[in-house]
Amino acid sequence: MHLAIIMDGNGRWAKKRGLKRIEGHKKGAEVVKEITTYCANNPEINILTLYAFSTENWKRPKMEVEFLMKLLDNWLERELQTFIKNDVKFETIGDISKFSDKLKKRIEYTKKVTKNNKKLTQVLALNYGSRDEITRAVKKMIEKNEEITPENIQKNLDITRDVDLLIRTSGEIRVSNFLLWQIAYAEMFFTPTLWPDFTTNELEKILNEFKKRERRFGGI
Ligand code: IPE
Ligand code: IPE
Ligand code: MG
Numbered sequence: 091m092h093l094a095i096i097m098d099g100n101g102r103w104a105k106k107r108g109l110k111r112i113e114g115h116k117k118g119a120e121v122v123k124e125i126t127t128y129c130a131n132n133p134e135i136n137i138l139t140l141y142a143f144s145t146e147n148w149k150r151p152k153m154e155v156e157f158l159m160k161l162l163d164n165w166l167e168r169e170l171q172t173f174i175k176n177d178v179k180f181e182t183i184g185d186i187s188k189f190s191d192k193l194k195k196r197i198e199y200t201k202k203v204t205k206n207n208k209k210l211t212q213v214l215a216l217n218y219g220s221r222d223e224i225t226r227a228v229k230k231m232i233e234k235n236e237e238i239t240p241e242n243i244q245k246n247l248d249i250t251r252d253v254d255l256l257i258r259t260s261g262e263i264r265v266s267n268f269l270l271w272q273i274a275y276a277e278m279f280f281t282p283t284l285w286p287d288f289t290t291n292e293l294e295k296i297l298n299e300f301k302k303r304e305r306r307f308g309g310i
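If you read the sequence shown in the numbering used here, its first letter stands for residue 91, the second for the next number, and so on.
Right, dumping it as structure tokens:
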């Protein structure tokens, strides 16, 4: 199944402790490692898509944006071993053309080294916005002179797999421009837990709840 997570609440986690927001992002990055390792070892989960930086997050103070870019670069360098050890393939969605050459190279290198890994595909949403993704998909279709059908639109998205389960942490009940097309029939869970406090234990509880839900996809 395809699990998607809106990892929210890093800033509030730090504020609660009298720390700078960036400390929340650092702790959040550690949680990504734990959750990815758990998902790689859970045969039910094939794809894990994580919202890491939205097309709207450029509105944040320059210092925070720069810190997030640096954190991502360091994180990818460190986590390459985790990807290899856990047989995780690394991919991204979103428009990374605006990122620095150094970061783009790091992203491409991580993809190249992990491309044959099989247990889990971890997809990071980077400079991702669903409206941007759909707009780019439609542009591609016009260039290729493709017929406008739901199937063709889906085929041209950055990620074609429908989401089965969407989780958002931090208590906000909204989707913030994440995978709007792909969550058409997703089951959704909203937890008040802030992302840096999120654990594999809580994820397991949500997965158990998910299994109890009856998915009808419009049928009876
Ligand atoms: C999510 O945490 C991480 C990113 C959006 C990069 P936030 O930074 O949004 O944390 P809050 O929502 O301000 O607590
Ligand atoms: C969504 O969180 C984006 C990511 C988690 C990367 P935000 O914190 O940016 O969303 P809003 O502003 O609360 O909707
Ligand atoms: Mg937030």
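Beta carbons are placed, not taken as given, at the ideal position from N, Cα and C, and that holds for glycine.
Note that the coordinates shown come from a computational prediction; the quantities given were computed from them, not determined experimentally.
Taking a contact to require three or more Cβ pairs closer than 8 Å, the stretch 184-198 and the stretch 113-125 do not qualify as touching. A Cβ-Cβ distance of about 5 Å is found for the pair Ile273 and Leu256, placing them in contact under the 8 Å criterion. Short note on Ser260: C-beta closer than 7 Å to some heavy atom of ligand 3. Around the Cβ of Ser187, a 10 Å sphere holds fewer than 16 other Cβ atoms; the residue is exposed.
For Gly114, the distance from the CB to the nearest heavy atom of ligand 3 is not below 7 Å. Taking C-beta atoms as the reference points, Leu214 and Leu140 count as a pair closer than 8 Å. Not a single heavy atom of ligand 2 lies less than 7 Å from the C-beta of Glu223. In this structure, the CA atom of Glu181 is about 8 Å from the CA atom of Lys205.
Asp248 and Trp148 have their C-alpha atoms some 20 Å from each other. Following the DSSP letters along the chain, one finds Ser144 inside the beta strand (DSSP E) bounded by residues Ile137 to Ser144. Residues Ile96, Asp98 and Phe280 of the same chain have their beta carbon placed closer than 7 Å to that of Arg258, with the five preceding and five following residues left out of the count. Beyond the five residues adjoining it in sequence on each side, Thr126 comes within less than 6 Å, by CB distance, of Gln212 in the same chain, given in chain order. By the Cβ rule, the stretch 149-168 does not count as touching the stretch 281-288, because fewer than three pairs are nearer than 8 Å.
Ranked by how close their Cα comes to the Cα of Asp222, the residues Lys245, Glu236 and Asp185 have Asp185 in first place. Inside the stretch 223-257, DSSP marks no whole beta strand (DSSP E) run of 3 or more residues.
As DSSP reads the structure, His92 sits in a beta bridge with Ile137. For Ser220, the shortest separation between its Cβ and any heavy atom of ligand 2 does not lie below 7 Å. When secondary structure is reduced to three states using DSSP, Val265 falls in the coil class, being assigned neither helix nor strand. Phe180: member of the beta strand (DSSP E) spanning Val178 to Ile183, first to last residue.
Remark: the shortest separation between the CB of Leu256 and any heavy atom of ligand 1 does not fall under 7 Å.
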